[in-house]
Each structure stands twice: as C-alpha cells, then as structure tokens.
Amino acid sequence: MYPPKNVSVSISPSGVIVEGDSVTLSCSSDSNPPAEIIWFKGGTFVGSGRNYSISNISSDHSGEYKCKSRNKHGWKYSAVTLNVIYATKNISVSIISPSGVIVEGDSVTLSCSSDSNPPAEISWFKEITFLGSGRIYNISKISSNHSGEYKCKSRNKNGWKYSAVTLNVMYPPKNVSVSISSSGEIVEGDSVTLSCSSDSNPPAEIIGFKGTMFVGSGRNYSISNISSDHRGEYKCKSRNKLGKKYSDAVTLNVLYPPKSVSVSISPSGVIVEGDSVTLSCSSDSNPPAEISWFKEGTFVGSGRNYSISNSRAKHRGGEKSKASDKHGEKDSDIAMLNVMYAPRNAVVSIISPSGVIVEGDSVTLSCSSDSNPPTEIIWFKEGTFVGSGRNYSISNISSDHNEGYKCKSRNKHGEKYSDAVTLNVMCELMMVQ
C-alpha cells in the first residue's frame with residue numbers, strides 16, 4: 001500500500017484551445033489503493049472523477065486547473081493551465097483627459113481598452129478615416145474640426161470589434177454671415193427675411209442690428225410689408241459662453257415710387273421782374289426719379305432744377321414738378337411763382353353811363369392796370385389831382401367836366417399813366433335840337 005505518486009494532467013484536444021471548443025482534462029496517478037480525484041480551478045472546487053470536461057469553452061475558463069489525487073495514505077497535486085484563445089470582447093473607448101468639457105485649444109487623450117487572447121492590435125478611425133494605431137490616441141490643440149465620432153478597432157486572428165465615442169468640442173462663433181431671402185429686387189410692400197448663419201458649439205444666441213440699433217433676436221429676422229424706412233445695413237451678432245462674433249454688414253436696398261415731392265424757389269424772398277429764378281424739385285425715391293416741370297398743366301422742362309433767367313410777369317402762376325420712376329409717379333404741390341413788376345397797360349374807361357353823357361348825369365370812370373403788387377390809383381383832370389381809388393365818380397355832371405381825365409397807377413416798383421379820356425357832356429338844349 002502507498003500514497004499517490006506520478007500524478008499528471010493531460011488536455012484533450014492537445015493543440016490550441018479556441019473559445020467554443022469542448023475540452024477534457026484527464027488526471028492520472030499511481031497509488032494503492034486507487035486514489036480519489038478532485039478538480040480545482042484556482043482554489044475553487046469544480047468537480048471530481050478521473051476526467052473533467054468543459055463544453056463550449058469560453059475565456060472565463062482560462063486559468064490553472066489542478067487535480068488532487070488522494071487515498072488514505074496521502075495525496076498529491078498536479079496542475080495544468082488552460083489558455084483559451086478568443087476574439088476581442090468588452091471593447092470600450094474613454095476620454096482620459098480632459099475629464100470635463102472639451103474646449104477648442106485643449107489637448108485630448110483617447111484610450112481604447114479590450115479583452116482578447118492573444119492581445120489585440122488597436123487601430124483608430126474618425127468616421128471612416130484611419131488616424132493611427134496603439135492603445136492611446138492623442139490630439140493636441142483640438143479644434144472644431146476634430147468634433148465627431150472616433151472609433152477604435154480591436155483585432156486579433158480570431159476576430160475584431162469596434163467601439164466608438166463622440167468628441168464634442170466647444171468653441172466660440174465663427175463664419176458668421178447674413179443672407180437675404182429675396183435674390184432679386186426688393187420692392188416696397190414685399191416680405192423679406194434676413195437669416196444669420198454661424199458655426200459654434202454650443203449653439204449661439206443671435207442678435208440682429210440695423211446700423212447700431214437692435215432690431216430683434218433669433219436666427220431669422222422677418223420684415224412684412226417692407227418700406228423705404230427699412231433700407232440700410234443689417235448685421236447679426238452670434239454669441240455663446242465662449243465668445244462672440246459679428247457678421248459683415250449686408251445692405252437692404254428697397255425700391256419704391258416717389259414720395260415727399262416738393263418744390264422750392266430760389267431766391268426765397270421777393271422776386272422782381274428781371275430776376276433770375278431757380279425752381280428745385282426734391283423727392284424721395286429708389287431708384288432716383290426723373291423730374292418733369294409743368295406750368296398750369298403745360299410741360300416746360302425736365303431735370304432736378306428749372307431755371308428762368310430774366311423773369312417776366314408771364315412767368316407768374318402755379319408751377320409743379322412730377323417725379324416718376326418705374327415703380328410709380330407723384331406730383332408736387334403747386335408752388336406759386338409771384339413775380340413783382342411795375343404797372344403797365346393803364347387804361348381809363350367810362351363804365352357808366354354806357355352811352356351819351358347828358359348834363360346832370362352821374363358818371364363813373366374806372367382805371368385798370370396790370371401790376372404786382374396791386375397799385376395805388378390816382379386821378380387827374382388836366383394835370384390836377386382830383387381823387388384816388390380804382391373808380392372816380394362825378395355826380396350831376398356839367399359842361400365844366402368836359403376835359404381830359406387820366407389815371408396814374410403806382411406801386412413800389414414804378415408807375416404808369418393812362419392815356420387821357422375826354423368827357424363829352426351834352427347839354428339838354430343840344431339834345432332837344
């Protein structure tokens with residue numbers, strides 16, 4: 001009788017063991033009486049009997065196995081290591097620095113871990129582009145272009161597997177620009193949308209300005225029923241917690257028909273016959289309007305200014321301009337051109353009676369003249385002052401009034417005498433004969 005000796009373990013099959021195989025461990029020993037066989041993995045009991053079988057073996061079965069051969073005279077161990085070959089599993093990518101938010105300019109380190117036997121080869125990809133190999137992948141001075149999905153590929157001869165992580169790089173606004181929804185002409189009354197685009201992470205707050213004046217916030221700024229008041233330069237400011245940036249300005253060019261058409265006269269004071277006068281038409285329109293001039297409805301010229309050299313009484317009256325472009329037309333209010341001049345065409349007429357003047361009648365003489373401003377009228381009988389006013393009346397006329405009467409028309413610019421008118425007074429006796 002003797003205790004166990006020559007204890008040994010054999011593995012079947014005898015070659016490489018790949019995950020999924022079936023394996024049998026056999027324990028042989030020399031003892032008397034025959035020994036009891038007990039199996040351990042590490043220090044854990046896993047079974048008894050001469051053979052220990054594992055079906056569909058996995059990486060978890062890798063390790064040292066011992067058989068213990070025991071009889072009443074003693075015991076002895078023998079050990080063997082199971083080395084299970086398997087493809088990559090439990091693959092993961094981690095960002096090991098920085099540990100928090102990634103900001104443009106930081107240095108970033110990615111690490112790929114995996115479980116495989118034999119050890120795997122590690123390859124790195126951004127989307128589908130190969131970047132490098134090795135357990136660690138470093139990016140120094142990271143930029144917004146580095147944002148995206150990164151994959152590590154763990155591969156050995158038994159298979160391969162991917163794991164991915166997304167790099168979310170924070171950065172201030174860049175590439176800020178404004179666009180106008182309408183690509184053609186913008187006409188008063190249209191609806192227009194200005195859109196601000198920018199590249200930033202996190203997304204930026206958008207603020208719009210017309211010149212330096214705040215007009216609204218949000219990615220789009222819409223104007224319905226646009227008017228000429230909306231013309232000007234617009235820009236947007238894109239802002240997040242990492243910084244801000246302004247777009248270049250874009251000009252909103254609104255086309256509209258003439259408005260606010262008015263006429264001014266130079267000189268602005270009194271205009272005296274013989275002066276040179278310039279009428280100027282101002283209007284607000286886009287594109288600039290064509291200007292036409294009218295006097296009492298008759299076309300007299302074109303252009304922003306209408307000049308009269310050596311003005312005359314005939315130039316008096318209502319002048320107006322018409323501003324027109326392809327979007328419409330508008331007339332100015334009438335501007336009165338008031339040319340001052342001395343009296344002319346002074347004439348005396350007998351307004352009553354209309355026929356023969358008989359002694360005892362009442363007679364009224366009237367003086368008419370053309371002047372501006374209106375004249376003072378003075379009456380003379382054979383050179384002697386007899387009265388003033390537009391009309392001169394004689395009641396109970398007699399033969400003593402048979403003389404020449406004339407009027408003088410006078411204003412501050414000059415004076416003019418009429419030709420004399422002789423009153424022919426008939427006596428009643430003559431009328432009877």
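Mapping the sequence shown onto UniProt numbering, position 202 (from 1) lands on 202, and the numbers just tick up by one.
Cβ coordinates follow ideal geometry from the N, Cα and C atoms, glycine included.
*Just the C-alpha distance for residue 401 and residue 369, rounded to the nearest angstrom, thanks.*
Within the sequence shown, the letter at position 401 stands for residue 401. Within the sequence shown, the letter at position 369 stands for residue 369. Computed Cα separation, rounded: 24 Å.
_Run of the beta strand (DSSP E) containing residue 235, from where it starts to where it stops_ = Taking the sequence shown and counting its residues from 1, one reaches residue 235 at position 235. Counting along the chain, the beta strand (DSSP E) containing residue 235 begins and ends at 232-240.
_How far does the beta strand (DSSP E) with residue 329 in it extend, from its first residue to its last?_
To locate residue 329, count along the sequence shown from 1; it is residue 329. Looking at the DSSP string, the run of the beta strand (DSSP E) that includes residue 329 is 328-331.
*Specify whether the region 74-81 and the region 47-59 touch according to this definition: at least 3 beta carbon pairs, one from each stretch, less than 8 Å apart.*
no
*Below 9 Å between beta carbons: does that hold for residue 344 and residue 416?*
The sequence position of residue 344 within the sequence shown is 344, counting from 1. The sequence position of residue 416 within the sequence shown is 416, counting from 1. Against a cut-off of 9 Å, the Cβ pair of residue 416 and residue 344 comes out as a contact.
*Alpha-carbon spacing of residue 258 relative to residue 298, whole angstroms*: Locating residue 258 in the sequence shown gives position 258, where the first residue counts as 1. Locating residue 298 in the sequence shown gives position 298, where the first residue counts as 1. Cα-Cα distance, rounded: 21 Å.
*asked:* Closer than 8 Å is the cut-off here; do at least three beta carbon pairs connect the region 167-186 with the region 91-106?
replied: yes
_Pull the bridge partners of residue 220 from the DSSP assignment, please._
As a first step, residue 220 is located in the sequence shown; it is residue number 220 there, counting from the start. Its beta-bridge partners are 195.
*Just checking my contact of residue 85 with residue 11 at CB under 8 Å: how many whole Å lie between their CB atoms?*
For the purposes of this step, residue 85 is identified with residue 85 of the sequence shown, where counting begins at 1. For the purposes of this step, residue 11 is identified with residue 11 of the sequence shown, where counting begins at 1. The Cβ separation is near 13 Å, so there is no contact.
*Count the CB pairs spanning the region 226-239 and the region 203-212 that are closer than 8 Å, and state whether there are at least three.*
yes
*asked:* Tell me the DSSP secondary structure of residue 400 in three-state form.
replied: Here residue 400 corresponds to residue number 400 of the sequence shown, with the count starting at 1. It is helical.
*In angstroms, rounded to a whole number, what distance separates the CA positions of residue 31 and residue 39?*
On the sequence shown, residue 31 is found 31 positions in, with the first residue counted as 1. On the sequence shown, residue 39 is found 39 positions in, with the first residue counted as 1. The alpha-carbon atoms of residue 31 and residue 39 are separated by roughly 17 Å.
*At a cut of 8 Å, does the region 128-147 reach the region 208-226 through at least three beta carbon pairs?*
no
*asked:* Counting C-beta neighbours from all protein chains within 10 Å, is the total for residue 128 16 or more, i.e. buried, or is it exposed?
replied: Reading the sequence shown from its first residue, position 128 is the one you call residue 128. Per the 10 Å Cβ criterion, exposed.
*Run the CB neighbour count on residue 137, radius 10 Å, all protein chains shown included, and call it buried at 16 or more, exposed below.*
On the sequence shown, position 137 is the one that residue 137 refers to. Its Cβ being crowded by 16 or more others within 10 Å, residue 137 is buried.
*asked:* From the DSSP secondary-structure annotation, give me the bridge partner or partners of residue 63.
replied: Position 63 of the sequence shown holds residue 63. Residue 63 pairs with 82.
*asked:* Taking its Cβ as the centre, do 16 or more other Cβ atoms sit within 10 Å of residue 241, making it buried, or is it exposed?
replied: For the purposes of this step, residue 241 is taken as the residue at position 241 of the sequence shown. Residue 241 should be labelled exposed.
*Would you list the residues sitting across from residue 449 in a DSSP beta bridge?*
Absent from the structure is residue 449, since the part of the chain shown begins at 1 and ends at 433.
*Pairwise C-alpha distance: residue 355 and residue 426*: For the purposes of this step, residue 426 is taken as residue 426 along the sequence shown, with counting starting at 1. For the purposes of this step, residue 355 is taken as residue 355 along the sequence shown, with counting starting at 1. Between residue 426 and residue 355, the C-alpha separation is close to 11 Å.
*Taking the Cβ atom as the reference point for each residue, do residue 116 and residue 83 lie within a distance shorter than 9 Å?*
Translated into the one-based positions of the sequence shown, residue 116 becomes position 116. Translated into the one-based positions of the sequence shown, residue 83 becomes position 83. Taking 9 Å as the Cβ cut-off, residue 116 and residue 83 do not qualify as a contacting pair.
*What distance in whole Å lies between the Cβ atoms of residue 154 and residue 120, which are believed to be in contact at a cut-off of 8 Å?*
Here residue 120 corresponds to residue number 120 of the sequence shown, with the count starting at 1. Here residue 154 corresponds to residue number 154 of the sequence shown, with the count starting at 1. Contact flag correct, Cβ pair sits at about 4 Å.
*So what does DSSP say about residue 314, is it helix, strand or coil?*
Along the sequence shown, one-based indexing puts residue 314 at 314. Residue 314: helix per DSSP, three-state reduction.
*Would you tell me roughly how many angstroms separate the C-alpha atoms of residue 3 and residue 66, rounded to the nearest one?*
Walking along the sequence shown from the start, residue 3 turns up at place 3. Walking along the sequence shown from the start, residue 66 turns up at place 66. In a straight line, the C-alpha of residue 3 is about 18 Å away from that of residue 66.
*Answer yes or no: do residue 281 and residue 305 have a C-beta to C-beta separation smaller than 9 Å?*
Taking the sequence shown and counting its residues from 1, the one referred to as residue 281 is at position 281. Taking the sequence shown and counting its residues from 1, the one referred to as residue 305 is at position 305. Yes; because the gap between Cβ atoms is below 9 Å, this pair is in contact.
*Pick out whichever of 43, 68, 23, 14 has its Cα sitting closest to the Cα of residue 34.*
Here residue 34 is taken as the residue at index 34 of the sequence shown, counted from 1. Checking every option, the nearest Cα to that of residue 34 belongs to 68.
*Mind checking which residues open and close the beta strand (DSSP E) that includes residue 117?*
To locate residue 117, count along the sequence shown from 1; it is residue 117. Counting along the chain, the beta strand (DSSP E) containing residue 117 begins and ends at 108-117.
*Measure the C-alpha to C-alpha separation of residue 255 and residue 94 and round it to an integer number of angstroms.*
For the purposes of this step, residue 255 is taken as the residue at position 255 of the sequence shown. For the purposes of this step, residue 94 is taken as the residue at position 94 of the sequence shown. Roughly 59 Å separates the two Cα atoms.
*So what does DSSP say about residue 227, is it helix, strand or coil?*
Looking up residue 227 in the sequence shown gives position 227. The answer is coil: DSSP assigns residue 227 none of H, G, I, E or B.
*Can you give the Cα-Cα distance for residue 163 and residue 109, rounded to whole angstroms?*
As a working note, residue 163 is residue 163 in the sequence shown. As a working note, residue 109 is residue 109 in the sequence shown. Going from the Cα of residue 163 to the Cα of residue 109 covers about 16 Å.
_Let me make sure I understand the geometry here. Which of 399, 314, 250, 300 has the alpha-carbon closest to that of residue 358?_
Here the question's residue 358 lines up with position 358 in the sequence shown. If we check each option's Cα against that of residue 358, 399 comes out closest.
*Since I believe residue 291 is in contact with residue 323 (beta carbons under 8 Å), could you give me their beta-carbon distance rounded to a whole number of angstroms?*
Here residue 323 refers to the residue found at position 323 of the sequence shown. Here residue 291 refers to the residue found at position 291 of the sequence shown. So it is a contact: roughly 6 Å between Cβ atoms.
*Quickly, what does DSSP pair residue 251 with across the bridge? List them, please.*
Position 251 of the sequence shown, counted from the start, is the residue given in the question as residue 251. Its beta-bridge partners are 233.
_Length at least 3, wholly inside the region 113-197: the beta strand (DSSP E) runs in chain order_ = 121-126, 129-133, 136-139, 148-156, 159-167, 169-180
*asked:* Here's the rule: buried if 16 or more other CB atoms are within 10 angstroms of the residue's CB, otherwise exposed. What is residue 263?
replied: Position 263 of the sequence shown, counted from the start, is the residue given in the question as residue 263. Under this definition residue 263 is a buried residue.
*What residues in its chain sit with their C-beta under 8 Å from that of residue 388, if we drop five residues either side in the sequence?*
As a working mapping, residue 388 is identified with position 388 in the sequence shown. For residue 388, where only same-chain residues beyond five positions count, the Cβ hits under 8 Å are 376, 377, 378, 379.
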